[in-house]
Structures are given as structure tokens and as C-alpha cells.
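Peer 1: Sequence lines, in order, name chains A, Z and G. In this text, residue positions in the first sequence follow my numbering: the first is 103, and each later residue adds one. In this text, residue positions in the second sequence follow my numbering: the first is 103, and each later residue adds one. In this text, residue positions in the third sequence follow my numbering: the first is 103, and each later residue adds one.
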Amino acid sequence: MRAWMTAAYPICRSISGDGVRGTLDLLADVLPDGATLERTGVPSGTQVFDWTIADEWNVREAWVRGPDGQRVVDLADHTLHLVGYSAPVHARVPLEELRRHLHSLPDRPDWIPYRTSYYHRDWGFCLRHRDLQGLPPGDYEVLVDATLEPGELVYGEVVLPGSTDGEVLVSSHVCHPSLANDNLSGLAVATELLRLLAARPERRHTYRFLFAPGTIGSLTWLSRNTDRLDRIRHGLVITGLAGGGPLVYKQTLRGTRTVDDAAAHVVRARGGEVRPYAPWGYDERQFNAVGFDLPVGRLTRTPHGEYPEYHTSADDLAFVGDDELVDALDALVEIVDVLEGDATYANLSPFGEPQLGRHGLYPTTGGHSADQEVMAMLWTLGLSDGITSLLEVAARSGLPFADVRAAADRLCAAGLLGPRPQAERSATNRASDPIEPKTSPVKSSSSTVTP
Amino acid sequence: MRAWMTAAYPICRSISGDGVRGTLDLLADVLPDGATLERTGVPSGTQVFDWTIADEWNVREAWVRGPDGQRVVDLADHTLHLVGYSAPVHARVPLEELRRHLHSLPDRPDWIPYRTSYYHRDWGFCLRHRDLQGLPPGDYEVLVDATLEPGELVYGEVVLPGSTDGEVLVSSHVCHPSLANDNLSGLAVATELLRLLAARPERRHTYRFLFAPGTIGSLTWLSRNTDRLDRIRHGLVITGLAGGGPLVYKQTLRGTRTVDDAAAHVVRARGGEVRPYAPWGYDERQFNAVGFDLPVGRLTRTPHGEYPEYHTSADDLAFVGDDELVDALDALVEIVDVLEGDATYANLSPFGEPQLGRHGLYPTTGGHSADQEVMAMLWTLGLSDGITSLLEVAARSGLPFADVRAAADRLCAAGLLGPRPQAERSATNRASDPIEPKTSPVKSSSSTVTP
Amino acid sequence: MRAWMTAAYPICRSISGDGVRGTLDLLADVLPDGATLERTGVPSGTQVFDWTIADEWNVREAWVRGPDGQRVVDLADHTLHLVGYSAPVHARVPLEELRRHLHSLPDRPDWIPYRTSYYHRDWGFCLRHRDLQGLPPGDYEVLVDATLEPGELVYGEVVLPGSTDGEVLVSSHVCHPSLANDNLSGLAVATELLRLLAARPERRHTYRFLFAPGTIGSLTWLSRNTDRLDRIRHGLVITGLAGGGPLVYKQTLRGTRTVDDAAAHVVRARGGEVRPYAPWGYDERQFNAVGFDLPVGRLTRTPHGEYPEYHTSADDLAFVGDDELVDALDALVEIVDVLEGDATYANLSPFGEPQLGRHGLYPTTGGHSADQEVMAMLWTLGLSDGITSLLEVAARSGLPFADVRAAADRLCAAGLLGPRPQAERSATNRASDPIEPKTSPVKSSSSTVTP
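1) When the Cα of Z/Tyr-309 is compared with those of Z/Leu-234, Z/Ser-451 and Z/Thr-138, which residue comes out closest?
2) Can you list, in chain order, the residues of its chain with a C-beta nearer than 7 Å to that of A/Val-440? Leave out the 5 residues immediately preceding and following it.
3) Is A/Arg-400 near the ligand SAH, judged by its Cβ being under 7 Å from some heavy atom?
4) Count the other CB atoms, across all protein chains shown, that sit within 10 Å of the CB of Z/Ala-105; report buried if there are 16 or more and exposed otherwise.
5) Note down, one range per segment and in chain order, each alpha helix (DSSP H) of at least 4 residues found wholly within the segment 330–371 of chain Z.
6) Taking only beta carbons into account, state which residues of the segment 147–162 of chain G come closer than 9 Å to chain A, listed in chain order.
7) Going by DSSP in three states, Z/Gly-143 sits in which element: helix, strand or coil?
8) For the segment 382–411 of chain Z, which residues have a CB atom closer than 7 Å to at least one CB atom of chain D, in sequence order?
9) Does any CB atom of chain G fall closer than 8 Å to the CB of Z/Tyr-257?
10) Is the beta carbon of Z/Gly-399 sitting closer than 8 Å to the one on Z/Val-361?
11) Using alpha carbons as the reference points, say which of G/Val-272, G/Arg-305, G/Glu-163 and G/Asp-157 lies closest to G/Ala-292.
12) Could you check how far apart the C-beta atoms of Z/Leu-349 and Z/Ala-433 are, in whole angstroms? I think they sit under 8 Å.
13) Answer with buried or exposed for Z/Arg-498, where buried requires no fewer than 16 other C-beta atoms within 10 angstroms of its C-beta.
14) So Z/Ser-499 is in the alpha helix (DSSP H); what residue range does that whole segment cover?
15) Please report the Cβ distance between A/Leu-296 and A/Val-276, rounded to the nearest whole angstrom; I am assuming they are in contact, meaning their Cβ atoms lie under 8 Å.
16) Going by DSSP in three states, A/Arg-232 sits in which element: helix, strand or coil?
17) Could you tell me the boundaries of the beta strand (DSSP E) in which G/Val-398 lies?
18) At a CB-CB cut-off below 8 Å, which residues of chain Z make contact with G/Gln-474?
19) Do A/Ile-318 and A/Ile-85 count as a contact pair if the criterion is CB distance below 8 Å?
20) Would you mind giving the Cβ-Cβ distance between G/Leu-513 and G/Thr-482, rounded to the nearest angstrom? I have them listed as a contact below 8 Å.
21) Please report how far the alpha carbon of A/Leu-229 lies from the alpha carbon of A/Pro-239, in whole angstroms.
22) Give a yes or no on whether 8 Å exceeds the smallest Cβ distance from Z/Tyr-221 to chain G.
23) On a Cα-Cα basis, can you pick out the residue from A/Glu-294, A/Ser-325, A/Glu-269 and A/Thr-404 that is closest to A/Gly-337?
24) Kindly indicate the opening and closing residues of the alpha helix (DSSP H) around G/Trp-323.
25) Around the C-beta of A/Val-428, are 16 or more other C-beta atoms found within 10 angstroms, so that it is buried, or is it exposed?
26) If we require 3 or more residues per run, which beta strand (DSSP E) segments fall completely within the segment 158–225 of chain Z?
27) Anyone know if the C-beta pair for G/Ala-448 and G/Arg-403 falls short of 8 Å?
28) Pick from G/Pro-134, G/Ala-478, G/Asp-487 and G/Leu-501: whose alpha carbon is nearest that of G/Asp-511?
29) So the alpha helix (DSSP H) Z/Val-132 belongs to, where does it begin and stop?
30) Give a yes or no on whether the minimum CB-CB distance between G/Leu-324 and chain A is below 8 Å.
31) Kindly identify the DSSP beta-bridge partner or partners of Z/His-275.
32) Consider the Cβ of G/Leu-349: report whether some Cβ of chain A lies at a distance smaller than 8 Å.
33) Of the choices Z/Asp-176, Z/Tyr-220, Z/Val-261 and Z/Gln-172, whose alpha-carbon is the least far from that of Z/Phe-102?
34) State the Cα-Cα distance for the pair G/Pro-381 and G/Thr-354, rounded to the nearest angstrom.
35) Can you tell me which of A/Gly-124, A/Ser-118 and A/Glu-375 puts its alpha carbon nearest to the alpha carbon of A/Val-144?
36) For A/Leu-441, decide whether its Cβ has a neighbour in chain Z, counting only Cβ atoms nearer than 8 Å.
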């Protein structure tokens with residue numbers, strides 16, 4: 103992940119142009135055998151819902167030369183120096199006029215800010231406030247050797263087919279220039295997750311990785327897939343997975359999706375935090391717009407805007423810890439394991455506790471307290487009414503999902519757990535009523551049965 | 103408000119009689135042009151649900167003269183000196199017998215208590231405990247020159263018509279004698295609210311102000327309006343708006359009415375408190391009786407019985423702070439603004455976030471964090487599914503309702519928000535499902551949709 | 103209760119055999135006139151759901167003699183010395199082999215542990231660790247003069263008929279040897295409760311007391327009553343009612359049964375604790391298995407496994423406090439009183455507060471704050487809409503159930519409360535809507551109406 107980020111860091115990315123293409127090339131380079139990056143290019147001028155795809159932006163050179171002829175700002179030094187989507191210009195301007203095009207951070211005089219102007223044609227440079235203050239009066243030569251012309255918006259997708267058509271969408275934006283946490287961290291971890299999933303002999307869900315420019319990119323993808331959106335069963339926007347702080351899961355619009363429960367279960371057990379949905383942030387706000395209402399949450403560490411390095415040159419490769427990337431990857435694998443492993447079973451020996459010992463599942467000397475493995479089996483048997491899912495069993499019992507899943511496997515193998523046998527169960531009086539787990543009140547409220 | 107209270111303070115009010123008539127006169131005097139106080143008189147003996155309207159009580163003079171011929175208690179000094187509804191008497195009684203008719207507060211020897219005996223024919227006087235203890239032995243002359251005869255119970259109403267028949271009921275009791283917080287404060291603030299509402303060019307709801315004697319007055323009004331009670335959409339009993347402490351909103355019987363949400367939103371933001379319903383207090387207990395079950399909450403400051411000055415002569419004009427009245431009035435105006443402004447819209451550009459900049463609604467340079475105005479627009483767009491109301495948007499977002507209402511106005515003007523377009527929305531897969539806001543679980547539980 | 107426990111303590115009980123029979127004899131001895139202990143014997147080998155009834159176990163003598171011929175462990179000294187269901191043996195074994203059959207508690211060297219081996223044929227002895235360490239090397243003579251032969255599993259039932267067929271099940275296990283808290287305390291308190299209930303002139307519910315061996319005993323009872331389980335309206339497993347700590351109520355699987363609300367109301371008011379269901383513990387885990395899903399909670403003091411004396415010789419008669427037994431009995435009587443007294447009424451004077459004074463129910467001088475008796479009447483009138491139960495009134499008001507029940511009795515006698523009069527109520531606009539009390543959200547969610 104470190105190597106990939108180091109290679110991708112210097113590229114001058116924006117929402118269109120060769121920077122995105124180059125980054126997709128780097129992603130394609132590290133894909134495992136059998137996985138293909140499929141690219142889609144959509145022409146400038148195409149209407150995408152309320153938006154229009156802008157002209158493609160490419161830049162060759164951009165600098166400001168001082169009264170003494172020395173370059174005071176140069177895109178070649180740092181991709182953040184140029185305001186994204188700056189229009190071409192070559193002019194000589196006095197300092198006073200130049201300053202209206204310069205952006206700096208007075209509070210952080212050593213950091214270069216990140217600015218863009220996608221939908222307002224303008225040009226500008228970003229620089230350290232310390233450097234800005236040192237600019238002598240006089241005339242400055244400004245060059246932005248860029249093209250802003252009809253072209254295309256490009257995004258990439260990698261699909262790992264599963265045994266069902268139901269998809270898990272993993273989306274990570276690909277439009278930010280030399281900013282390491284936001285979002286090379288997301289791209290690097292997504293790619294590694296993709297490699298781990300590709301190596302699995304079996305996948306229940308189909309996994310779709312989307313690498314698209316922020317906002318307009320995800321909207322464009324949505325606009326070209328409106329008839330297939332109902333395939334998305336779960337989704338995660340992943341970005342900003344390093345830079346300090348615990349993992350933070352942001353819920354979907356409804357906050358009651360399976361991905362919300364799965365991510366909350368994993369993230370909280372790892373000391374992370376769960377936050378309610380808010381209609382700003384990254385591309386989750388597009389997926390969760392009321393017209394789409396997709397079950398897509400978001401995983402970050404400290405969210406955007408809450409750390410000072412956000413959208414500045416201080417978000418560099420040193421800002422991203424290797425252990426943070428590994429921890430985020432581990433959490434994602436655990437979330438995927440929940441999504442893959444969650445299922446609903448019926449206790450096939452529902453009339454009282456089965457004699458676990460007889461099935462080779464229990465210590466034979468009584469009087470001891472049940473150990474965690476036995477507890478996981480008892481919880482799974484005790485709540486599996488054909489309606490309550492394993493994830494709900496994990497939530498109510500406080501046990502890790504993996505333990506509950508393992509217990510379910512042992513019980514299935516022993517013939518004590520399986521699909522709900524309709525005929526048998528209807529023989530008893532209340533067996534058809536669902537259980538209402540106290541720990542998931544939202545879910546249970548819909549399954550309330552009044553006697 | 104201060105001037106009105108000062109004028110109304112000396113009047114000897116009770117649940118019937120000229121004191122109520124005189125107070126209604128004072129209220130009529132300060133009504134704005136076009137607003138009329140309509141009075142209703144209902145004869146003594148009329149059956150009102152479980153109650154019967156008592157004879158009308160009027161008193162000319164009432165005093166106790168000591169053994170030395172000096173008056174030791176005199177209604178002319180303070181209206182609280184006479185027990186309300188005291189029967190006429192003129193007698194000479196020894197001190198021992200007199201004491202059985204005297205009420206004082208041993209713990210507050212300088213305060214006169216407030217006592218009534220509406221439904222048990224008796225007479226009595228209230229006095230400072232200090233004075234009671236100084237009474238010498240001997241014979242006392244007692245005079246209560248009162249009439250307790252068939253007459254009528256009187257209440258007043260002012261109606262400000264709105265563009266709909268749906269009514270907001272504002273009720274304030276008019277039966278307490280010289281007690282300033284309970285309830286001249288309620289009457290003064292209600293009148294001022296009435297003036298502010300009358301001055302509005304437009305009102306969505308019809309506003310009905312009810313000035314009636316406590317309990318029997320509101321019951322009489324209810325008995326004469328049973329066929330029109332379904333017009334009451336929201337209601338507030340207002341009383342005790344001064345005397346210290348934060349604002350306290352008492353919920354309706356159900357606790358889930360719009361007025362509960364509106365008042366909670368406003369009162370909590372002002373540092374006030376929300377309490378659940380309890381079946382005692384002021385007239386809210388009549389409006390919320392199970393047979394009526396009207397959506398009427400109550401606004402006070404420290405509630406009755408929780409401050410020592412309650413129902414004593416210490417609840418005088420000095421006990422009522424001008425700033426408290428103004429603050430209560432402000433809160434009421436805010437609650438009214440919510441009731442007037444709350445509505446449910448549909449995002450007309452629901453497929454992803456609209457390009458606010460293109461509609462003139464967004465700063466054009468990206469990279470900054472959204473300011474509060476933009477946040478209000480994003481929340482309103484993000485939750486407006488044609489089911490979720492603006493008040494729910496405010497509750498979930500934590501934004502003031504006024505900001506959300508202003509955002510909705512801007513978005514409506516820009517064509518991004520409007521009534522739900524049935525045909526269009528049915529084209530997408532889940533667009534017809536309601537959003538379940540986490541922050542209003544009671545509401546959301548009814549809109550749970552399992553995919 | 104103390105005398106009964108003292109008599110029952112020395113008996114060597116297990117899940118079958120003469121110990122159970124002898125204990126049932128002792129229970130039968132203390133039954134009140136008219137109450138009969140009905141015994142059921144089910145043959146060994148009978149299939150009971152996933153289980154098979156084991157051979158019956160009886161033991162005459164069991165000891166270990168040391169190299170010097172002295173008995174080092176002897177069942178005659180303490181029933182815990184022999185592992186329950188030990189197979190017959192008479193052998194001479196060296197110390198090393200003997201040790202594999204000995205159980206002790208290194209951390210509690212003076213206590214004898216309790217062990218059983220019901221379903222794994224073996225023999226063993228339990229002894230003080232101090233004694234274990236003092237055993238000299240050499241050959242030991244081991245005798246277990248026991249029979250493990252086809253016989254029967256025995257349980258006893260006492261039924262106190264009520265005015266309805268609906269049953270309250272009170273279950274207490276009868277299989278533990280000389281352990282006083284677990285479970286002579288449960289048996290003693292159950293018997294005393296039975297005597298108190300038998301003495302009542304009237305019982306609304308039928309009470310069924312079940313005295314059965316743990317797990318296999320309750321399963322056997324369930325297997326023979328599958329067609330009658332729907333009669334069980336409420337139930338409690340009672341055990342471990344002494345030994346320190348506050349009362350602890352463990353909820354049913356659903357946690358929303360009437361017995362859950364009743365027990366929570368009583369136990370919390372007495373400073374006790376309410377815990378959610380977990381699928382292990384005593385026989386509640388059989389009654390709450392998904393196939394039965396019966397409304398049976400559990401009452402204990404500090405639960406099994408949470409006190410060091412659990413399943414050791416330290417759980418002796420001195421470990422059980424008389425005051426603890428009396429307190430537990432009082433709590434059970436209160437819970438029974440709730441189950442007997444809970445009912446749903448309609449306010450027959452629902453249009454405003456009735457004039458309590460006119461009905462002889464209210465102090466006649468106004469201006470005082472309502473006392474607790476009046477509060478209970480006002481709450482009962484204020485919430486009795488024909489749907490909300492008295493227990494819900496108690497929960498929402500915070501008043502003891504007994505006060506609410508007494509208020510309902512007074513109001514019924516005064517004709518203010520009674521069965522819901524259908525015709526009258528339909529005359530008002532919203533009277534048919536249920537009330538949703540904020541304080542019992544689980545219940546109220548079931549009365550949610552989806553538009």
C-alpha cells in the first residue's frame with residue numbers, strides 16, 4: 103500500500119484529465135490475475151441529472167515569475183500550487199492584482215492549501231503564507247499553460263463476481279492531487295481489499311469497486327446505472343483511512359441498513375465511532391440522495407475538516423501511518439466477513455435446549471460455567487427463530503460476529519440449525535412469532551406481534 | 103404587559119362574578135383593531151359534563167373586627183384576605199371559633215395564602231401568620247357582605263382568522279385574584295402574542311385565544327364546542343411565565359403531537375425543559391382528558407407548587423420580571439413560527455445533490471467547508487422525501503427551524519423543492535420509501551419499511 | 103421456611119432417585135389443606151425432545167479408604183463428596199489413579215465442590231483441597247455402592263385453581279443435593295407462596311407450582327404438556343433467593359411480556375435489578391426456547407456463578423438469611439398481586455376531569471396540592487382509555503401498582519371507571535385512538551398505526 107501511494111502521490115489529479123487516467127493505470131498495474139479495470143469515458147457536455155460534465159482539464163506548466171524573473175510559485179514543485187481547473191492565462195500583472203488570485207493559510211504559514219474552481223472559470227495559485235508575505239511589489243508574469251476543452255470524464259470499475267448478483271459497492275474518489283490521506287489512503291486500502299477478496303475461493307456477494315472523481319464522477323456512474331441500482335445490497339465509501347484518530351463509520355440516510363449494523367458491530371468493537379448520516383461529505387451524499395436512497399455508508403478515520411492537515415500540503419505521505427492502513431484494512435475485511443456470513447437460520451431442535459453433549463458439542467462434566475464457544479452456540483440456538491439474523495444474535499449477545507458465525511457452522515454441521523421448517527413449526531402455539539431483540543429496537547419494532 | 107398587569111392586579115377575581123367581567127374589560131381595551139373579544143355567559147345550574155355551574159359569587163365588603171373594634175383583616179387591603187366563594191355572614195364569634203375560619207402559613211409568617219371553597223359552602227379569611235398570632239382573645243365581628251346567587255359563568259374568546267380553518271388554541275385562566283405570575287403573566291403575554299399575530303399580513307392557522315376561569319371555565323367552553331373540537335390542530339395553555347427558572351414545556355397526553363415537537367425544539371434551544379404529561383396542573387388536564395385527547399401542551403416557567411411564592415401574596419407584581427415576560431413571548435412567537443412554517447416537501451432534483459452553484463445557491467470556489475446556510479439547504483434537500491417534515495429536518499440536523507424554513511424558501515424559489523411529483527418519483531426503485539430519521543424514533547417507527 | 107430447609111438439607115438429591123422422592127414427600131407434608139402434590143413418573147429411556155431420560159440413580163454408600171484403612175472421603179459426611187450419577191465401583195487403586203477421579207477447589211481449600219456426570223458414565227469424589235493435599239501415597243479402596251438402572255424421572259405439581267384457566271407457572275428445581283441457596287431457598291419460598299395463595303378467598307389465575315429436576319425435568323414436563331402450554335399466561339422460575347445481593351429479575355426471551363413489566367415494577371421499586379434474557383441459567387432457558395417461547399422470567403438474588411459459594415459446600419444453611427427469604431417472598435407476593443390485579447378500564451367520565459368531590463373522592467377545600475391518593479385516581483382516570491392497563495398507569499406515573507389498583511377500585515365503586523362503553527366513546531372525534539405512553543415505548547410501538 104505504501105509503495106502504491108508513493109508512486110501515485112506526485113500525479114496532478116483533478117475531476118478530469120490525464121491525472122485520473124494515470125492513476126487508473128497505476129491501479130490497473132496492481133490488480134490480481136483475473137481482475138480487470140473497466141474504464142468508462144463520458145463526453146464533456148453530457149447532462150448528468152442536475153449537472154453537466156465540464157470540459158476536460160489538462161495542464162502542462164503553471165508558474166508565477168517575480169519582478170526579478172525568478173519563479174515564486176511553480177506547479178512543478180507541488181501539484182497543490184495551482185488552483186484546480188485554472189483557466190489558461192499568460193499575462194503580466196502587478197502584485198495587487200495577482201494577490202486576488204493567490205490563496206494561503208495565515209494560520210498555517212508553512213502549508214499550501216488545496217483549492218479548486220470547477221464551475222467558475224478563473225485561475226489561481228496556492229502557496230505558503232510565509233512565501234506570500236515575502237512577495238515584493240512589482241509586476242509578475244503568470245503562466246497557466248492548460249487546456250480546458252471538450253474531452254471526457256473517466257472512471258474505473260473492477261468487478262469480482264460472487265455466487266449471487268447482489269452487489270457490495272466499494273467506492274473511493276480518485277480526483278485529489280498530492281493529498282495522501284485524502285484520498286490515496288482510500289485507494290490503496292481499496293486495492294488491497296480487492297486483492298484479498300479476489301484470492302477467496304468463494305464470494306457470496308459480487309463486489310464492485312468504483313474509482314471515480316468525487317461528486318460528478320459518482321453521479322455520472324449513477325446516471326449510467328439507474329436500472330441496475332437495485333442490485334446494490336450494501337456499500338461503503340472509503341477515504342481518509344489514516345491521519346490519526348479512531349475509525350469513524352458514518353451511517354446511511356436511514357441508519358438501519360444491514361451495512362450500518364455490520365459496520366457498527368465491527369467498528370465499535372475496535373474502539374471506533376459511529377455517526378449518523380449528514381448530507382455532506384464525500385460521495386455517500388450522492389448514493390444516499392433521496393432519489394437513490396442506497397444502502398451505502400462511509401468509513402474514514404478522523405473525518406474531513408476535523409483535522410488541520412485536511413486539504414493542505416501537510417496531508418502528505420508522512421501523515422499516513424502504515425499501521426493505520428493495516429488496521430483499516432482489517433476492519434474492512436471484518437465488515438465484509440459479516441456481510442458474507444450474515445444469514446438467518448431456524449433452530450431445528452427448538453423445543454428446549456438440545457443435549458449438546460450428545461451431538462459432540464458440549465463438555466460432558468456438568469457444573470462448570472459455559473465457556474465462550476458454548477455461549478455462542480446457546481445464543482445462536484436461543485435466538486434463531488427463522489427471523490433473527492446472526493448479526494442480530496451477535497448484537498444482542500455482545501459476542502463477536504465471527505464467534506456466532508462459527509457457532510452456526512458447528513450447529514449446522516450437527517443438524518441442529520438450518521432453514522426454517524415451515525410445517526413442523528406451525529404445530530406449536532407461538533412458534534411463528536418473531537423474537538424481538540431488545541438490542542435492536544428499530545428492527546424489532548417492525549416485527550412486533552401483539553398476542 | 104407591565105401596565106396591563108398593574109391595572110389588573112387589584113381586581114378580586116374568582117371563577118365567576120364581576121372580577122372576571124372587569125378583567126375581560128381590561129383585555130378588550132388592549133385588543134388591536136379588528137380583533138373582538140366575544141363573551142359567553144352560561145347560567146348557574148347548567149350541567150357541564152360531570153360538573154354543575156355554581157352560583158355566581160360577588161363580594162362588596164369583607165372584614166374581621168377585633169375586640170377593640172379595629173379591623174384585623176380586611177378584603178379592601180388585599181384580595182387574598184377572603185377565602186374565594188366565602189358565603190355571606192355577619193356574626194360575632196369568640197376567637198376560638200374564628201380561628202377555625204382563618205388560614206395562614208406558619209412557615210412564611212409574612213405571606214397571605216390563597217384559598218378557595220368553591221364547592222363546599224363556608225366562609226374564611228387568609229392572613230399573615232404573624233398577624234394571626236397577634237390576635238387577642240375576645241369576641242370578633244365578622245362580615246362577609248357577599249352574594250352567592252344564580253348568575254352566570256363568563257369566558258371570553260378572541261379569534262384571529264387564518265387562511266385555513268385549522269385552529270391553534272391559546273388558553274389562559276382568568277380566575278385568580280391578586281396573583282401576578284399565576285396568572286396575570288399568562289394573560290399579559292397571551293394578549294401581546296395576540297397583538298403580534300394580528301399584525302401579521304398572513305396567518306396559515308386560525309388562532310383562538312380563550313380567557314376562561316380555570317377547570318369549570320375550560321370545561322364549559324369544551325361542552326359548548328364538542329362538535330368543533332376537531333378543528334384544534336395545536337394548542338397551548340400558557341400561565342406562570344415569570345417567577346424564576348427556565349421555560350418548562352409540558353407535553354400533551356400522547357407526547358407525540360406536532361405541538362410537542364415544535365415546543366420541544368424551541369424550548370430546548372432556549373435552555374428550557376420538556377416534561378412528560380401528568381394529569382394535574384392547569385386546564386391542559388381538561389383538554390387532554392381521554393374523552394377529548396386534544397393536542398394541547400402547556401408553557402410555564404417553574405411550574406405551580408415548585409416555588410414557595412405559589413398561591414401566596416408573595417406572587418406579586420415584583421415577582422414577575424419584565425425580561426421573563428419578553429423571553430416567554432419570544433419563545434411563543436418561535437413556536438408559532440414553527441406551527442405556521444412547518445410543511446413537507448419533496449426534493450425535485452432528488453437524484454444526487456443538485457449543483458447549487460448553477461442555481462445561484464452556492465459559493466463557486468470549492469474546497470471550503472459548507473457554511474450554515476448551505477448546510478440548511480443540504481439537510482432540507484437530503485431529507486425531503488415528501489414525507490419528512492421541515493420540523494423533522496430541524497430536529498435531525500440540529501439546525502434552528504428558522505434556518506431550515508429559510509432554506510426551504512430559497513430552494514422552492516429555485517425550483518429544487520416542491521410538492522411531491524408522483525409520476526416522476528415512481529420511476530426509481532426505492533424513492534417511494536420514507537426516510538426514518540434516527541432523531542425522532544416515535545415518528546419513524548411508523549414509517550419502517552423492510553425491503 | 104427455615105425448618106423445612108433444615109429438614110431437606112441432608113438429603114442426597116439428583117435428577118432422579120429416592121432423593122427427589124423424599125424431597126417431594128417433605129414438600130407434600132407442608133402443603134395447606136386442599137392442596138395436593140401430584141407426582142408424575144416417566145420411565146428411563148423415554149425420549150424427551152432431543153434428550154433421553156437416563157437410568158435412575160440411587161446410592162447407598164460411597165467412600166474412599168486410605169492406605170491405613172481410614173475413610174478419607176465419605177458420602178455419609180456430606181452429599182457433595184460424591185460426584186452426582188457416579189457409576190458403581192469397588193476397587194483398589196493407587197493414589198495417582200485415584201486423583202484423576204477427585205475434584206477440589208485449590209482457591210477455596212476448605213470448600214467441597216459440587217460436580218455431576220449425568221451423561222458420561224464415570225465415578226468421582228469431591229473433597230476439600232486441604233484434604234486432597236494431605237493424601238499419602240499408596241493404595242486406596244474405593245466404594246460406590248450405587249445403582250444406575252431403569253427407573254423413572256419424577257416431578258411434582260401443585261395446582262391452585264383460579265376463576266380462570268389461565269395459568270401462572272412457578273417452577274423451582276428439586277435436583278440439587280446439600281446446597282441451601284441453590285435451591286432449597288427456591289423450594290422453601292415457593293412453598294410458602296403456595297400457602298399464602300391457597301389462603302386467598304379468590305384467585306383470578308390458576309397457579310401451577312412445578313417441582314422438577316433441572317433441565318431434563320422441566321423438558322419432560324414440557325413434553326407431556328405441549329397441548330396445554332398456551333394456558334400459561336405468566337411464569338417465574340424461582341431459585342437462589344438468598345446468599346446476598348439485591349433481587350435480580352431476568353427477563354423472558356422477548357423481554358416485553360406482562361410478567362416482565364410486573365416483575366420489573368416490583369423488583370426495581372425494592373432496589374433490585376432487571377437483566378435481559380440470556381440462553382443459559384436455570385429452567386427458564388427451556389421455557390424460553392424458541393419452540394416454546396413461554397412468558398417465563400426468573401427471580402433470584404445474586405445469580406449463579408457470580409458468588410464464590412455457588413455450587414460448593416459453602417452454600418449451606420448459614421449462607422441463607424431468613425430476612426432474604428422473607429424479602430423474596432414479599433416481592434413474589436407483590437408480583438402476584440400485579441398479575442392478579444392488572445386490568446384495563448375505561449374512564450366512564452372521560453370528558454374532562456370529573457368533580458371528585460361530588461363523588462366523595464376529593465378534599466373539598468381547593469388550593470392544596472393533590473396528595474398521593476388523589477394523584478393515583480387522577481393518573482388512572484387520565485390514562486384509562488380502554489387500552490392502557492393499570493400496570494402501564496403505574497409505570498408511567500411512577501406510583502406503586504397497589505396505589506393504582508386501590509384507586510381503580512375506588513373509581514369503579516364510584517361509577518367513574520369501568521369497561522369501555524363502545525357506543526358513547528365513538529361519539530367523540532379521537533377517543534378511539536390508543537394512547538402511546540412515552541414511558542413504555544416497546545408496548546406503544548405495537549399500537550403504532552401506519553398511515
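Backbone N, C-alpha and C define an ideal beta-carbon position, used for all residues, glycine too. Only a predicted model underlies this, so the values are computations on that prediction, with no experimental measurement involved.
Peer 2: Reading off the structure:
1) Z/Thr-138
2) Ala-364, His-367, Val-368, Leu-493 and Phe-503
3) As for the ligand SAH, it is missing from this structure, which has no ligand bound.
4) Per the 10 Å Cβ criterion, exposed.
5) 360–371
6) Val-150, Phe-151, Asp-152, Trp-153 and Thr-154
7) Residue state for Z/Gly-143 is assigned as strand, using DSSP reduced to three classes.
8) Looking at the structure shown, chain D is missing, and the protein chains on hand are A, Z and G.
9) It does not: the Cβ of Z/Tyr-257 has no partner Cβ on chain G nearer than 8 Å.
10) yes
11) G/Val-272
12) Yes, they are in contact, since the Cβ atoms of Z/Leu-349 and Z/Ala-433 sit about 6 Å apart, within 8 Å.
13) buried
14) 492–499
15) That pair is no contact at about 14 Å.
16) helix
17) 398–402
18) Per Cβ cutoff of 8 Å: no residues; G/Gln-474 is ~12 Å from chain Z at best.
19) In the structure as shown, chain A starts at 103 and stops at 553, and residue 85 of chain A therefore has no counterpart that could be examined.
20) 6 Å
21) 17 Å
22) yes
23) A/Glu-269
24) 318–325
25) Burial call: exposed.
26) 158–167, 173–176 and 191–196
27) no
28) Cα-wise, what sits closest to G/Asp-511 is G/Ala-478.
29) That residue, Z/Val-132, is in no alpha helix (DSSP H); it is neither H nor E in DSSP.
30) yes
31) Z/Ala-314
32) no
33) Missing from the structure shown is residue 102 of chain Z; chain Z here goes from 103 to 553 and no further.
34) 10 Å
35) A/Ser-118
36) Closer than 8 Å: no.
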